[in-house]
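In order, the protein sequence lines correspond to chains A and B. Per our numbering, numbering of the first sequence is gapless, rising by one per residue and ending at 355. Per our numbering, numbering of the second sequence is gapless, rising by one per residue and ending at 468. Where a beta carbon is used, it is the ideal one built from N, C-alpha and C, also for glycine. So the structure is just underneath, and the comments pick up after that.
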Amino acid sequence: MIETSKSVQIEELQSALEETIARARSEQNDRVKKKLIQQISRYNSSIDKLRNGRKISRQTKRDLIAYSFIAPNFIGFCVFTLIPIVFAFALAFMKWDGSNPISFEGFNNFRRLSGDTFFKAALKNTIIYCIGTVPLTMIASLALAIILNQKVIGRGIFRTLAFFPYVASLVAITSVWKLLFHPSKGPINNILYTIFHVSQENLPQWFSGGLCVVSMILFSVWKYMGYYMVIYLAGLQSIPGELYEAASLDGAGTWDQFKYITWPQLSSTTFFVVVMLTINCFKIYDVAVMLAGGGSGELTVSATVLVYYIYQKAFIDWDLGYSSAVAMVLFLMVLIVTIIQFRGQARKEA
Amino acid sequence: MKKKVISLMLGATMLTSMLAGCGAQEAPAPAAEVTEEAPAADEAPAAEEAPAAEETAEAAPEESSEPVTLKWAIWDESTTQYWGDIKAAYEAKNPNVTIEMVDLGSTDYMTVLATELSGSGSDFDVVTIKDVPGYATLVQKNAIIPLDDYISADGVDLSKYAGATDQVVVDGKLYELPFRNDFWVLFYNKDIFDAAGVDYPTNDMTWDEYDELARKVTDTSFGSQVYGTHYHTWRSTVQLCAVLDGKHSILDGNYDFMKPYYEMVLNQEKDGVCRKYTDLKTEGLHYSAAFSGGDVAMLNMGSWFIATMMTNLASGEYDSSLCGNWGIVKYPHAEGVEPGSTLGTITGLSVTTASDTPDAAWDFVKWVSGEEGAAVMASSGNFPAIMTDEVKAAITTLDGFPTDDASKEALNVSNLYLEVPYGENVSEINSILDSYHGSIMTGEMSIDDGIAAMNTEVSALQ
Numbered sequence: 006m007i008e009t010s011k012s013v014q015i016e017e018l019q020s021a022l023e024e025t026i027a028r029a030r031s032e033q034n035d036r037v038k039k040k041l042i043q044q045i046s047r048y049n050s051s052i053d054k055l056r057n058g059r060k061i062s063r064q065t066k067r068d069l070i071a072y073s074f075i076a077p078n079f080i081g082f083c084v085f086t087l088i089p090i091v092f093a094f095a096l097a098f099m100k101w102d103g104s105n106p107i108s109f110e111g112f113n114n115f116r117r118l119s120g121d122t123f124f125k126a127a128l129k130n131t132i133i134y135c136i137g138t139v140p141l142t143m144i145a146s147l148a149l150a151i152i153l154n155q156k157v158i159g160r161g162i163f164r165t166l167a168f169f170p171y172v173a174s175l176v177a178i179t180s181v182w183k184l185l186f187h188p189s190k191g192p193i194n195n196i197l198y199t200i201f202h203v204s205q206e207n208l209p210q211w212f213s214g215g216l217c218v219v220s221m222i223l224f225s226v227w228k229y230m231g232y233y234m235v236i237y238l239a240g241l242q243s244i245p246g247e248l249y250e251a252a253s254l255d256g257a258g259t260w261d262q263f264k265y266i267t268w269p270q271l272s273s274t275t276f277f278v279v280v281m282l283t284i285n286c287f288k289i290y291d292v293a294v295m296l297a298g299g300g301s302g303e304l305t306v307s308a309t310v311l312v313y314y315i316y317q318k319a320f321i322d323w324d325l326g327y328s329s330a331v332a333m334v335l336f337l338m339v340l341i342v343t344i345i346q347f348r349g350q351a352r353k354e355a
Numbered sequence: 007m008k009k010k011v012i013s014l015m016l017g018a019t020m021l022t023s024m025l026a027g028c029g030a031q032e033a034p035a036p037a038a039e040v041t042e043e044a045p046a047a048d049e050a051p052a053a054e055e056a057p058a059a060e061e062t063a064e065a066a067p068e069e070s071s072e073p074v075t076l077k078w079a080i081w082d083e084s085t086t087q088y089w090g091d092i093k094a095a096y097e098a099k100n101p102n103v104t105i106e107m108v109d110l111g112s113t114d115y116m117t118v119l120a121t122e123l124s125g126s127g128s129d130f131d132v133v134t135i136k137d138v139p140g141y142a143t144l145v146q147k148n149a150i151i152p153l154d155d156y157i158s159a160d161g162v163d164l165s166k167y168a169g170a171t172d173q174v175v176v177d178g179k180l181y182e183l184p185f186r187n188d189f190w191v192l193f194y195n196k197d198i199f200d201a202a203g204v205d206y207p208t209n210d211m212t213w214d215e216y217d218e219l220a221r222k223v224t225d226t227s228f229g230s231q232v233y234g235t236h237y238h239t240w241r242s243t244v245q246l247c248a249v250l251d252g253k254h255s256i257l258d259g260n261y262d263f264m265k266p267y268y269e270m271v272l273n274q275e276k277d278g279v280c281r282k283y284t285d286l287k288t289e290g291l292h293y294s295a296a297f298s299g300g301d302v303a304m305l306n307m308g309s310w311f312i313a314t315m316m317t318n319l320a321s322g323e324y325d326s327s328l329c330g331n332w333g334i335v336k337y338p339h340a341e342g343v344e345p346g347s348t349l350g351t352i353t354g355l356s357v358t359t360a361s362d363t364p365d366a367a368w369d370f371v372k373w374v375s376g377e378e379g380a381a382v383m384a385s386s387g388n389f390p391a392i393m394t395d396e397v398k399a400a401i402t403t404l405d406g407f408p409t410d411d412a413s414k415e416a417l418n419v420s421n422l423y424l425e426v427p428y429g430e431n432v433s434e435i436n437s438i439l440d441s442y443h444g445s446i447m448t449g450e451m452s453i454d455d456g457i458a459a460m461n462t463e464v465s466a467l468q
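Next comes the structure, spelled out in structure tokens:
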């Protein structure tokens, strides 16, 4: 009895399926056609289900297997990243010290921002740092990549040397920088004093005042250019050699070759580099603390950056809501810059 | 179009996940702590006792037979002798109690501790309180309990703490008992004064006399520099000289009174009398390294450095030919102020809200901050909160303590002002003053501008 009803059902579905296939064949409109094709696959899977007596269709099973592979990473991502992010968004409108009950604050946290000297200083320093670091690192790494893409003797060694600062421990190399740029005993200031006769009072204080951000920029460019150089090298090597050959036959000089072949061909690499650089620059914290923080790791107004201020508000003053509000500002800035970059890239490709 | 939206969203997710590491650290902390909960099995019987603070006295004798483990937060276990001494002495007296020490490190001890005590997963019973801003944070977070009921029940006499406890009362309640009380003195290197043919500093010096003395022993010739004095990069080394007149406090909201002291220090820096702040900040030079290097004549520092000097000279870590001949005198004072006025820093113990055995924890706190704990502290050259003549005698007769009478006399304090008394917003005020201290000392801001900025920022808090 059950068997017969099953076969009847299958037959019904089969005929419906054939009809849909016929309609899909004759259909001109793309969108309707797509819908019909989806229906066909649905018919197929329900017929499949009935025939094999399975509760779970093959497709669902395939999906489940795929999900089970994604799950370990995704669960970790949820617990340690996604939930905290959502929580941080919510916290920006709350007042919380980590122990006492949370209370709702509305936009008060954001209103406080405009009158906060330290926040404004941190914002200013972060932006100056980004504006300085992103183009400089990009130019330096591209130049390095182009030079080290040529057949020069010992290019492997030079590539390694350029990459080395990126691999070296931040703590160790900041110590070296601090030694080199030491305000009174460092070789840099000694050279300025003895060779360029800069008077003792006018010697640059590399790690305080306005120069602090400059030191941070110089340091970051030096440390991170090797990494982006490697990315550019990969980009350069994927440019077909024929293009250069053809260009040189047409009499294009080195600059023209760069302008009309290398640069446009590298546009997607440049896009990636700029996005990564921008994100990393806005996140700056370690370099600032190591270079300008001294023994206590405290940053003054001239060296403070957004992430440091977020940390300070959250874990020194335990004002988690306000600190989340600052984090939202940082998030928005990165988001806006990234959207602009995506737009620009999309227009270029179109 | 759809693709673009998806790629944009992916981009956004990617950068949010990258930002998460720094932008949204708040949430993982409590989550991570929940996993640590696992209560120690041997605490289970004691846990049944009412954790309410009121019924204390009668519970204490009963539980003396049951095994109790107290988890105690400390710092620098390996380099500080007294933690182990206290544990050993207390366990010998209370065989049923095991003290489990957890070293949270010294540099950011209060920050780490506050993180540990956030949420509900903490299993600390007793925590050491390193500074007042951190204490204020813990009180506001309800992480530690008021001790007043215990104090009145056990009849602890607070007058023996010479007023130190009054300065950390929060809304009429006391949340910590001090067991160590350090005060600032002036360390000096006798060899340098002998070599320069200058008289040693005395126990009765005004700031002007001190400044003059520092300039006398200073030698700026290259290669054989001698610095007349030394200021560590802490805000305390400069700003707190100013509060010794007893009229001002760092909670005032108006900091104009600090100006003469900034002027004195910056002028000394300019004339090579002390090392430059920017140099120290860049090098991260520790004050102990500076003083033990033998080219610093005077150093204003807390009395904790006495024990450090004695231990490290005895172990040979400091070269005794460079700094072995040292002494201490009372802190210099402002004109018209009684000599012996100095700054104090108390180190206290608190019982956590999360403790399963608050009564046992209180007993430990009471013992350590009481006379018996004081004796243990003094035996290793540290200054307990209860300063009696016996304690002073115990410290001054220790091997390695300077033998001159002035050094012994220097331990007699007339007025003790806490570096940071308790006040609302004390943590924020601390951050603001720290930051502008740095700005003034590095020359980013003039003294007037820096002090004006302190005034505006601190008054904006209220």
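Quiz item: What residues match up with Asn194(A) in a beta bridge as DSSP calls it?
Solution: Here residue 194(A) refers to the residue found at position 189 of the first sequence. Looking at the DSSP output, Asn194(A) shares a beta bridge with no other residue.
task = Have a look at the DSSP bridge pairing and note the partners of Asn421(B).
result = Locating residue 421(B) in the second sequence gives position 415, where the first residue counts as 1. Per DSSP, Ser347(B).
Query - 8 Å Cβ cutoff met for Val310(A) and Tyr327(A) - result: One-based indexing of the first sequence puts residue 310(A) at position 305. One-based indexing of the first sequence puts residue 327(A) at position 322. Going by C-beta atoms, Val310(A) is not nearer than 8 Å to Tyr327(A).
Q. In terms of residue numbering, what span does the alpha helix (DSSP H) encompassing Glu463(B) cover?
A. Your numbering for residue 463(B) matches position 457 in the second sequence. Counting along the chain, the alpha helix (DSSP H) containing Glu463(B) begins and ends at 453-467.
For Leu69(A), which residues in the same chain have their Cβ closer than 8 Å to its Cβ, ignoring the five residues on either side in sequence? The count along the first sequence starts at 1 and reaches residue 69(A) at position 64. Excluding positions up to five away in sequence, the list reads Ile61.
Within the continuous beta strand (DSSP E) that includes Gly333(B), where are the two ends? Indexing the second sequence from 1 puts residue 333(B) at position 327. Per DSSP, Gly333(B) belongs to the beta strand (DSSP E) from 332-336.
| message | Tell me which residues share the same chain as Thr41(B) and place their Cβ nearer than 8 Å to its Cβ, disregarding the 5 neighbours each side in the sequence. | response | Numbered from 1 along the second sequence, position 35 holds the residue referred to as residue 41(B). Here the model assigns Thr41(B) a pLDDT of 36, short of 50, so the residue's position is not dependable, and the following value carries that caveat. When the five nearest sequence neighbours on each side are left out, the beta carbons in the same chain lying within less than 8 Å of the beta carbon of Thr41(B) are those of Gly127, in order along the chain.
Give the secondary structure of Arg281(B) by DSSP, where H, G and I count as helix, E and B as strand, and everything else as coil. Stepping through the second sequence from its first residue, residue 281(B) is reached at position 275. DSSP places Arg281(B) in coil when its eight states are reduced to three.
For this session: State the DSSP-derived secondary structure class of Ser213(A), mapped to helix, strand or coil.
Result: Counted from its first residue, the first sequence places residue 213(A) at position 208. Note: Ser213(A) maps to coil in three-state DSSP.
So Tyr428(B) and Val249(B) are supposed to be a Cβ contact under 8 Å. How far apart are they, rounded? Locating residue 428(B) in the second sequence gives position 422, counting from the first residue. Locating residue 249(B) in the second sequence gives position 243, counting from the first residue. That pair is no contact at about 15 Å.
- Query: Looking at the structure shown, is Ser108(A) part of a helix, part of a strand, or coil, going by DSSP?
  - Reply: Locating residue 108(A) in the first sequence gives position 103, counting from the first residue. Ser108(A): strand per DSSP, three-state reduction.
| From which residue to which residue does the beta strand (DSSP E) around Met281(A) run? | For the purposes of this step, residue 281(A) is identified with residue 276 of the first sequence, where counting begins at 1. Met281(A) -> not in any beta strand (DSSP E); alpha helix (DSSP H) instead, spanning 272-287.
Ordered along the chain, which non-local residues of its own chain (more than five positions away) have a Cβ less than 8 Å from that of Asn461(B)? Indexing the second sequence from 1 puts residue 461(B) at position 455. These residues qualify, in order along the chain: Gly259, Asn260, Tyr261, Asp262.
Check your understanding: Taking the alpha-carbon positions, what's the Ala202(B) to Leu404(B) distance?
Key -> As a position in the second sequence, residue 202(B) is number 196, starting the count at 1. As a position in the second sequence, residue 404(B) is number 398, starting the count at 1. Their Cα atoms are separated by approximately 29 Å.
If you follow the alpha helix (DSSP H) that Phe123(A) is in, where does it begin and where does it stop? One-based indexing of the first sequence puts residue 123(A) at position 118. Its alpha helix (DSSP H) spans residues 122-154.
Exercise for review: Could you name the residues of chain B that Asn105(A) contacts, counting a contact when the two beta carbons are closer than 8 Å?
Suggested key: By one-based count along the first sequence, residue 105(A) stands at place 100. Going along chain B in sequence order, the residues near Asn105(A) (Cβ under 8 Å) are Gln146, Lys147, Asn148.
Rounded to whole angstroms, what's the CA-CA distance from Glu450(B) to Tyr134(A)? Just pull it up for me. Sequence index remark: in the second sequence, residue 450(B) carries index 444 (1-based). Sequence index remark: in the first sequence, residue 134(A) carries index 129 (1-based). Cα-Cα distance, rounded: 18 Å.
Quiz prompt | Selection of the segment 307-326 of chain A by Cβ proximity to chain B, strictly under 8 Å | solution = Ser307, Thr309, Val312, Ile315, Tyr316, Gln317, Ala319, Phe320, Ile321, Asp322, Trp323, Leu325
### Message
Considering only their Cβ atoms, is the gap separating Pro184(B) from Tyr167(B) smaller than 8 Å?
### Response
Position 161 of the second sequence, counted from the start, is the residue given in the question as residue 167(B). Position 178 of the second sequence, counted from the start, is the residue given in the question as residue 184(B). Remark: C-beta atoms of Tyr167(B) and Pro184(B) approach each other more closely than 8 Å.
Check: Comparing the C-beta of Asp102(A) with each C-beta of chain B, is any distance below 8 Å?
Finding: For the purposes of this step, residue 102(A) is identified with residue 97 of the first sequence, where counting begins at 1. Chain B contact via Cβ: present.
Open item on the list: Tell me which residues of the segment 109-129 of chain A have at least one Cβ-Cβ distance to chain B shorter than 8 Å, keeping chain order.
Closed with: Gly120, Thr122, Phe123
message: DSSP three-state label for Glu106(B), please.
response: As a working mapping, residue 106(B) is identified with position 100 in the second sequence. Glu106(B): strand per DSSP, three-state reduction.
Quiz item: Apart from the five residues just before and just after Glu354(A), which ones in its own chain have a Cβ nearer than 6 Å to its Cβ?
Solution: To locate residue 354(A), count along the first sequence from 1; it is residue 349. Around Glu354(A): no qualifying Cβ.
With distances taken from CA atoms, which of Glu323(B), Tyr237(B), Gln274(B), Glu122(B) is nearest Thr143(B)? Walking along the second sequence from the start, residue 143(B) turns up at place 137. Answer by Cα proximity: Glu122(B).
Who are the near neighbours of Ala332(A) in its chain, counting only those whose CB is closer than 7 Å to its CB and skipping five residues on each side?
Here residue 332(A) is taken as the residue at index 327 of the first sequence, counted from 1. Same-chain partners within the cutoff: Ala93, Ile315.
Distance check for Ile457(B) and Thr448(B), CA to CA, integer angstroms please.
The sequence position of residue 448(B) within the second sequence is 442, counting from 1. The sequence position of residue 457(B) within the second sequence is 451, counting from 1. Taking the straight line from one Cα to the other gives about 14 Å.
- Task: Return the bridge partner residues of Ile352(B) from the DSSP annotation.
- Result: Indexing the second sequence from 1 puts residue 352(B) at position 346. BP columns for Ile352(B) point to Asn187(B).
Next on the checklist: For the alpha helix (DSSP H) containing Gly246(A), name the first residue and the last one.
Outcome noted: Here the question's residue 246(A) lines up with position 241 in the first sequence. From DSSP, the alpha helix (DSSP H) with Gly246(A) extends over 246-254.
| message | So Ile282(B) contacts chain A; which residues on that side make the cut at Cβ distance below 8 Å? | response | Translated into the one-based positions of the second sequence, residue 282(B) becomes position 276. Checking the sequence shown, residue 282(B) turns out to be Lys, not Ile. The answer, in chain order, is Pro188, Ser189.
Review point. Name the chain B residues that come within less than 9 Å of Gly368(A), Cβ to Cβ?
Key: This structure cannot speak to residue 368(A), because chain A is shown only from 6 to 355.
Problem - Cβ-based neighbour list, Ile352(B), same chain, cut-off 6 Å, excluding 5 preceding and 5 following - result: Position 346 of the second sequence, counted from the start, is the residue given in the question as residue 352(B). Excluding residues within five positions, the ones whose Cβ falls inside 6 Å are Ala170, Pro184, Asn187.
- Item | Cα-Cα separation, Tyr141(B) to Asn431(B) | Locating residue 141(B) in the second sequence gives position 135, counting from the first residue. Locating residue 431(B) in the second sequence gives position 425, counting from the first residue. Cα-Cα distance, rounded: 12 Å.
Of the residues Gly234(B), Asn273(B), Tyr216(B), Phe189(B), which one's Cα is nearest the Cα of Ser242(B)?
-> By 1-based counting over the second sequence, the position of residue 242(B) is 236. Nearest option by C-alpha distance: Phe189(B).
- Going by CA-CA distance only, name the one from Ser51(A), Asn78(A), Gly214(A), Gln270(A) that's closest to Pro245(A). Looking up residue 245(A) in the first sequence gives position 240. Minimum Cα distance to Pro245(A) is reached at Gln270(A).
Quiz prompt | Sufficient close CB pairs (3 or more, under 8 Å) joining the segment 206-218 of chain B to the segment 321-338 of chain B | solution = yes
(Q) Whole angstroms are fine: how far does the CA of Gly350(B) sit from the CA of Asn475(B)? (A) Here chain B covers residues 7 to 468 and nothing more, so residue 475(B) does not appear.
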